[in-house]
Amino acid sequence: MKKLLVLAFAAIVGFSANAQEASWKQMEDFHGVMSKTFHPAEEGNLKPLKTNIADLVAKAKAWESGAVPAAYDAKVAKPILKQLVAKCTAVEAAVKAKKSDKELTTLITATHDVFHEIKEKCKPGEKH
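Just so we're on the same page, my numbering is the position in the sequence shown counted from 1, plus 240.
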């Protein structure tokens, strides 16, 4: 019985550690803003993008400057995060310059693709 309790405790601790390790707060924060800007843009609604672009840039910069969790490959993640910040900044500049909806949609789509690149290349098996 004692061995069973020790084994159960070890399994719980191991599961808890893996759940914490797999979490990347800055990625989740960025994704929250990206999803509410990109998905409406796919449908032709660019108002959320125009309203939330400064927040998207801020979340990208916070993500880039944060620590990369052990479950992710920092050597792969950091250069892509730098690219993500550049893409977000370009979208922000285009919004401020009142570029066409078509151009904004193209830019946010490219930015979304970079986001997926981070998720897919930095943690094997991770899909969005």
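For each residue, glycine too, the CB sits at the ideal point set by N, CA and C.
Distance check between ASP295 and each of ILE320, SER263, THR277, ALA337 places THR277 closest, using alpha-carbon atoms only. Rounded to the nearest whole angstrom, the C-alpha separation of GLU282 and LEU321 is 23 Å.
Here the region 296-312 makes contact with the region 263-273; the two share three or more CB pairs at distances below 8 Å. By the CB criterion at 8 Å, VAL325 and GLU304 fall inside the cutoff.
It is roughly 18 Å from the alpha-carbon of VAL331 to the alpha-carbon of GLU357.
Setting aside the 5 residues that flank it on each side, ASP341 is surrounded in the same chain by LEU286, each with a C-beta closer than 6 Å to its C-beta; the list follows chain order. Contact annotation: ILE293 and VAL354 have beta-carbon atoms that are not nearer than 8 Å. A straight line joining the alpha-carbon of LYS339 with that of THR351 spans about 16 Å.
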